[in-house]
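Here is the structure we will look at.
There are 2 protein chains.
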Amino acid sequence: MGDRRAKTVLYDALAEAAKALANGRRAELVDVLAQGERSVEELAEEIDQTVANTSQHLQRLLKAGLVTSRRDGTRIYYSLSSPVVGTLWRTMRQAAELHVAELDSLASDYLGDRSKLNTVTRDQLKARLRQGDVVVLDVRPEPEFTAGHIRGAISVPPQDLKSRLGEIPDGADVVAYCRGPYCVYADDAVRLLTRRGINAARLEDGFPEWAAAQLPVARSR
Amino acid sequence: MGDRRAKTVLYDALAEAAKALANGRRAELVDVLAQGERSVEELAEEIDQTVANTSQHLQRLLKAGLVTSRRDGTRIYYSLSSPVVGTLWRTMRQAAELHVAELDSLASDYLGDRSKLNTVTRDQLKARLRQGDVVVLDVRPEPEFTAGHIRGAISVPPQDLKSRLGEIPDGADVVAYCRGPYCVYADDAVRLLTRRGINAARLEDGFPEWAAAQLPVARSR
DNA sequence: AATCAGTTCAAGAGATTGCTTGATTAACAC
DNA sequence: GTGTTAATCAAGCAATCTCTTGAACTGATT
Numbered sequence: 112m113g114d115r116r117a118k119t120v121l122y123d124a125l126a127e128a129a130k131a132l133a134n135g136r137r138a139e140l141v142d143v144l145a146q147g148e149r150s151v152e153e154l155a156e157e158i159d160q161t162v163a164n165t166s167q168h169l170q171r172l173l174k175a176g177l178v179t180s181r182r183d184g185t186r187i188y189y190s191l192s193s194p195v196v197g198t199l200w201r202t203m204r205q206a207a208e209l210h211v212a213e214l215d216s217l218a219s220d221y222l223g224d225r226s227k228l229n230t231v232t233r234d235q236l237k238a239r240l241r242q243g244d245v246v247v248l249d250v251r252p253e254p255e256f257t258a259g260h261i262r263g264a265i266s267v268p269p270q271d272l273k274s275r276l277g278e279i280p281d282g283a284d285v286v287a288y289c290r291g292p293y294c295v296y297a298d299d300a301v302r303l304l305t306r307r308g309i310n311a312a313r314l315e316d317g318f319p320e321w322a323a324a325q326l327p328v329a330r331s332r
Numbered sequence: 112m113g114d115r116r117a118k119t120v121l122y123d124a125l126a127e128a129a130k131a132l133a134n135g136r137r138a139e140l141v142d143v144l145a146q147g148e149r150s151v152e153e154l155a156e157e158i159d160q161t162v163a164n165t166s167q168h169l170q171r172l173l174k175a176g177l178v179t180s181r182r183d184g185t186r187i188y189y190s191l192s193s194p195v196v197g198t199l200w201r202t203m204r205q206a207a208e209l210h211v212a213e214l215d216s217l218a219s220d221y222l223g224d225r226s227k228l229n230t231v232t233r234d235q236l237k238a239r240l241r242q243g244d245v246v247v248l249d250v251r252p253e254p255e256f257t258a259g260h261i262r263g264a265i266s267v268p269p270q271d272l273k274s275r276l277g278e279i280p281d282g283a284d285v286v287a288y289c290r291g292p293y294c295v296y297a298d299d300a301v302r303l304l305t306r307r308g309i310n311a312a313r314l315e316d317g318f319p320e321w322a323a324a325q326l327p328v329a330r331s332r
């Protein structure tokens, strides 16, 4: 015991968890799965890859124990195997944000200029929810809202927002949120609402971070 | 904005942090660096690799922003660039422990059978330190003790323990700790002490976890 | 039993990674 | 200046990874 070979094997095994996340497409998969379980086909669509390739990535995550799968009829649904995996992904993101200088510019290449978007922190939103003077929009696809959402939020999937603007009371303050800091839905929603003269802001991050912070959540049905 | 190419680039960049940790030798490096800064040569010795190879791994960590370096004379010292990196490593370990079934057996291949070793948790040790009825031994190499240690601990580097057994008061309860859950020093120390009839236990993990839990630490000079 | 949708498996090309070896650079002592 | 020590760089080979393509498998439905 205490010998080099065993140490190598042990640390190689520990590094397997990192290897599983060490790919942009698999990172995207984990990011989506943090919202709730998904079928292979849906996941393939989310990450713009073939089903075969997505399946292989999922096998890799499965082998590392980061996700689990269950069959329902002809479909197979994948989900994160524990909240620790979500924490791991968030911590990794945080490390990258802190230490990779170019990340900001890559983020705005994808998300567009955020400097003009109003932002509220989790704590601010929590306080305003308690006061009850804010309309909170969950702008993720509906199944993700069903799987879990901020208590008091209304589900308005991205493609429905335009046609449902009328539901927002005059003069209301709106906060939109989606999957996390690198998700475009809330940004797009805030831009649209602002253009229509509605006072709107984006939650600084998304539902998984809200839930991880032990803030009040709800689940449909 | 919101297009696939930019999203790919962004998530690839986020995955860089994982790639940096996605290698057993680099994981070992981070594990050691969590104790404090080290020179390339020392690190090479710790991970049983050539200096050239160690240097390349360090470059990789540097490029990902996980470590920083400074020159002092002819030596270059590396250290973790922030506490987040330590958290990342611990979270990764935790994920592997939870989800990789074989990890237990790999750990005991390296560390030996731990079932007969007494263990105390951080909270237990905290309470006993407050009562003052415990001798705490830091069995890491001396520079790591100097860089930071559990308040009230005594530095007894691994190779010195045998010759300094006389310093331990008769009938004392001893707790030994080292770098973390996969470090052999504390295990070896507890085995030695127990064989000599001294009541000894191992702290469940090491100094970085103690410090991360905001428990009382001290620094020499 | 036959068919179908959803998923996984298998094989291969091109890129990346990990370790080795030998040369090069940087700081310091003389 | 020369010599020494510490670290990095560069090139090369074997192993691994990523994506593609096409075939094979698995339940559900007919």
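Protein sequence lines, in the order shown, are assigned to chains A and B. Reminder that position 129 of the first sequence reads as 240 in my numbering, one-by-one numbering, no gaps. Reminder that position 124 of the second sequence reads as 235 in my numbering, one-by-one numbering, no gaps. Note that beta-carbon positions come from the ideal geometry of N, C-alpha and C, so glycine has one too.
Residue burial classification, residue i (beta-carbon count within 10 angstroms, cutoff 16)
i	result
A:P280	exposed
B:Q167	exposed
A:N134	buried
A:R136	buried
A:P319	buried
B:L132	buried
A:R186	exposed
B:T165	buried
B:R181	exposed
B:G277	exposed
A:G317	buried
B:D271	exposed
B:G197	buried
B:K118	buried
A:A238	exposed
B:A163	exposed
A:D299	buried
B:V143	buried
B:A206	buried
Beta-bridge pairing of residue i - partner residues as DSSP gives them
i	result
A:D284	A:N310
B:L248	B:I265, B:A287
B:D183	B:R186
A:A329	A:H260
B:R149	B:Y189
Where residue i sits in the DSSP three-state scheme
i	result
B:V219	A small fix is needed here, since residue 219 of chain B is Ser in this sequence, not Val. Three-state result, B:S219: helix.
B:S274	helix
A:T232	coil
A:L191	strand
A:V178	strand
B:S166	helix
A:G243	coil
B:G317	coil
A:G122	Sequence check: residue 122 of chain A is Tyr here, not Gly. Helix, per DSSP.
A:P292	coil
B:K130	helix
A:K237	helix
B:A157	The displayed chain sequence assigns Glu, not Ala, to residue 157 of chain B. The answer is helix: DSSP assigns B:E157 an H, G or I state.
A:E213	coil
A:R225	coil
A:A322	helix
A:D114	coil
- Task: Take every Cβ of the segment 295 to 307 of chain A, pair it with every Cβ of the segment 320 to 332 of chain A, and state whether three or more of those distances are shorter than 8 Å.
- Result: No contact exists between the segment 295 to 307 of chain A and the segment 320 to 332 of chain A.
- Message: For the segment 203 to 212 of chain B against the segment 188 to 203 of chain A, do three or more pairs of beta-carbon atoms, one drawn from each stretch, fall closer than 8 Å, so that the two count as touching?
- Response: The segment 203 to 212 of chain B, when compared against the segment 188 to 203 of chain A, does touch it at the 8 Å Cβ threshold.
- Residues of the segment 187 to 217 of chain A with a CB closer than 8 Å to any CB of chain B: list them in chain order, please. Against chain B - using a Cβ distance shorter than 8 Å - the residues of the segment 187 to 217 of chain A are S192, S193, V195, V196, T198, L199, T202, M203, R204, Q205, A206, A207, L209, H210, V211, A212, E213, L214, L217.
- Item | Interfacial residues, the segment 122 to 139 of chain B to chain A, with Cβ spacing under 9 Å | Answer set for the segment 122 to 139 of chain B: Y122, D123, A124, L125, A126, E127, A128, A129, K130, A131, L132, A133, N134, G135, R136, R137, A138, E139.
- Segment contact, 8 Å Cβ cut-off, at least three pairs: the segment 220 to 238 of chain B with the segment 288 to 302 of chain B: Between the segment 220 to 238 of chain B and the segment 288 to 302 of chain B, the count of Cβ pairs shorter than 8 Å is three or higher; the stretches touch.
- Item | Validate contact between the segment 127 to 135 of chain A and the segment 166 to 184 of chain A using beta carbons, cut 8 Å, 3 pairs | With the rule of 3 Cβ pairs closer than 8 Å, the segment 127 to 135 of chain A counts as touching the segment 166 to 184 of chain A.
- Is the segment 256 to 275 of chain B in contact with the segment 145 to 153 of chain B, if contact means three or more CB pairs nearer than 8 Å? Yes: at least three Cβ pairs fall under 8 Å.
- Message: Output needed in chain order: residues of the segment 159 to 180 of chain B with a Cβ under 8 Å from some Cβ in chain A.
- Response: Taking 8 Å as the upper bound on Cβ-Cβ separation, chain A lies near residues D159, A175, G176, L177 of the segment 159 to 180 of chain B.
- Message: Would you call the segment 150 to 162 of chain A in contact with the segment 195 to 207 of chain A, where contact means no fewer than 3 C-beta pairs closer than 8 Å?
- Response: At 8 Å Cβ cutoff, the stretches do not touch.
- Just by C-beta distance, which residues in the segment 285 to 308 of chain B are closer than 9 Å to chain A? Across the segment 285 to 308 of chain B, CB contacts with chain A closer than 9 Å involve Y293, V295, D298, D299, in sequence order along the chain.
- Item | Any 3 or more C-beta pairs closer than 8 Å across the segment 246 to 256 of chain B and the segment 271 to 287 of chain B | The answer is yes - the segment 271 to 287 of chain B touches the segment 246 to 256 of chain B, with three or more Cβ pairs under 8 Å.
- Using Cβ-Cβ distances below 7 Å, what residues of the segment 215 to 242 of chain B are close to chain A? Hits within the stretch, in order: L217, A218, D220, Y221, L222, G223.
- Members of the segment 257 to 286 of chain B that neighbour chain A once the beta carbon cut-off is set at 7 Å: Listed by position along the chain: nothing, the set is empty.
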